[in-house]
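Each remark here refers to the structure printed beneath this line.
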Amino acid sequence: MIRRMATDARGATNPIPQFPAGFLWGVSTSAHQIEGAVDEREPSVWDTFTAEPGRVKDGSTAAVACDHYHRYPQDVALLAGLGVDAYRFSISWPRVNAPKGLDFYDRLVDELCEAGVRPVPTLFHWDLPVALDWLERDTAARFAEYAAVVAERLGDRVKKWITLNEPAEHTLLGHALGTHAPGRQLLFDALPVAHHQLLAHGLAVRALRAAGATDIGIANSHGPTWPASQEQADKDAADFYDVLLNRLFADPLLLGRYPDGIGELMPGDVEADLKVIAEPLDFYGVNYYAPTRVGAPQGTEIEFGGISMPAELPFSVREIEGVPRTDFGWPVVPEGLTELLTGFRERYGDRLPPVVITENGCSYEGIDDQERIAYLDGHIRALHRAVEAGVDVRGYFVWSLLDNFEWAEGYARRFGLVHTDYESLTRTPKASYGWLRDVLRAQR
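Structure follows, in structure tokens:
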């Protein structure tokens, strides 16, 4: 069913496909990237990481960021003006640990509810308190305690919860390669970090259920893995990469087991832990940005997407040629989203809960951001093709509402629908904001 026409980046009118009734439209942010107000919370591993020279490309920190902590009413007004159903934000564990830290989220949730925007908090988006360490099993237990505290305070108004954001990236970039906080370079010795995050997720699901929550999921990053060629060495390398970045984090949650050869590398009583990790989910969150083309190791260290990939890895990441690229250099491949979702349905069958796209977005400069409009247009259509193919998709969240602190890239990358002037902190809606507003009106 087509209700309206939308204008694409070239000025032509194309029909926007109608999504099922009740489909959830939203945008996403994370606490460390937008809140600022670092003096009003405990420090996180990202505070210590960014304080080290050379860790962030422009030498910046998130001490102020977008100052969302003080300007949240303005940002909620932007959400209301955009017309989204929901706002996915993250709760800062270090802020909750500080005196009256939960008061901020009380105020934010109240403001959202008053504006008619559903609050969808993520409990962990990489900003671990400095006193904790994902290499230690006890951190999983502490996370469940923290989840219970937050749910007790906000659960009367929050109905949809996300436990963790992208444990794959936090493991790989933060603990295996050292390009993100806490900056460790453990390579495969980082596997316990993955296991303890998954265990933390399962324990948090139990804590949220005990607090009365009935709509719980996780936000995992996923993308198709394409072999660089049909040579066996390239296909084997791609299969290995797919296990590390996709199946290592989906199989335990959805099947209750690790991929072959992985479980014996994990610490503790893995079989008992898997029963916790595989607690039933109400939805499965997918963060999608692009496929990855992977080949056999090339024997030299390479830079890919701003990340140094050591030579000793049993694979090498290659460029995807013949497609547009964002200002970050990431390939733009909307059809990869359709491929990913239909592939997940085939792999996991009825073990796959309803899917929510918890992040999808791109980095482009400029306020008249026609490239972002084209990107979102293509990915929304690709998502609809997955729905038409029978995948049960219940929602789509754009990354991100605001330009913000982009981790080790600092302020050099702009993912926002709203431009942030980092000197004055003025917010200016971009062309993509208006385009998405019109698309959402067409879905009503």
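Just so we're aligned, residue 1 is where the sequence shown starts under this note's numbering, counting upward by one.
Cβ coordinates follow ideal geometry from the N, Cα and C atoms, glycine included.
As the structure is a computational prediction, the values presented were derived from the model and not from experiment.
Nearest Cα to R318 within the set V270, P227, L255, V38: P227. Rounded to whole angstroms, the gap between the alpha carbons of G178 and L313 is 14 Å.
In summary, D421 is exposed, with fewer than 16 beta-carbon neighbours lying within 10 Å of its beta-carbon over all protein chains present. A direct Cα-Cα distance of roughly 44 Å separates R347 from P53. Comparing alpha-carbon positions, the option among Y72, D138, Y146, L135 lying closest to S92 turns out to be Y146. When Cβ pairs closer than 8 Å are counted between the two stretches, the region 158-178 is seen not to touch the region 252-270, the count staying below three. Contact check for R142 against L132 passes: the beta carbons are separated by less than 8 Å. DSSP, read as helix, strand or coil, puts N165 in strand. When C-alpha distances from G295 are compared across R88, L245, T225, the shortest belongs to T225. Look at the region 210-240 and you find these whole runs of beta strand (DSSP E), each 3 residues long or longer: 215-221, 225-227. Secondary structure in the region 350-414: the alpha helix (DSSP H) runs of 4 residues or longer, each lying completely within the stretch, are 370-388 in chain order. In the DSSP secondary-structure assignment, F89 is bridged to P121. By the C-beta criterion, the region 324-331 is judged to be in contact with the region 362-374, since at least 3 inter-stretch pairs fall below 8 Å. No Cβ-Cβ contact shorter than 8 Å links D282 with P331. Pairing T428 with A389 gives a Cβ-Cβ distance that is not under 8 Å.
Short of 7 Å from the beta carbon of E42, and not among the five residues preceding or following it, lie these beta carbons of its own chain, in chain order: P94, N97, A98, P129. E111 and A238 have their C-alpha atoms roughly 46 Å apart. Residue pairing for P94: DSSP places it in no beta bridge. Judged by pairs of C-beta atoms under 8 Å, the region 402-414 does not touch the region 379-387, as fewer than three such pairs exist. Here the C-alpha atom of R209 lies approximately 24 Å from the C-alpha atom of N287.
Residue pairing for T292: DSSP places it in a beta bridge opposite T225. Shown here, K275 sits in a helix according to DSSP, grouped into three states. By the Cβ rule, the region 114-123 does not count as touching the region 434-443, because fewer than three pairs are nearer than 8 Å. In this structure, G36 and D67 form a Cβ contact; the two beta carbons are roughly 5 Å apart against a cut-off of 8 Å. Using a 10 angstroms sphere on the CB of A77, the tally of other CB atoms stays under 16, which defines it as exposed. For the set E152, E423, A408, R206, the Cα lying nearest the Cα of Y105 is the one of E152.
The beta carbons of D127 and W25 sit no closer together than 8 Å. No Cβ-Cβ contact shorter than 8 Å links V193 with L245.
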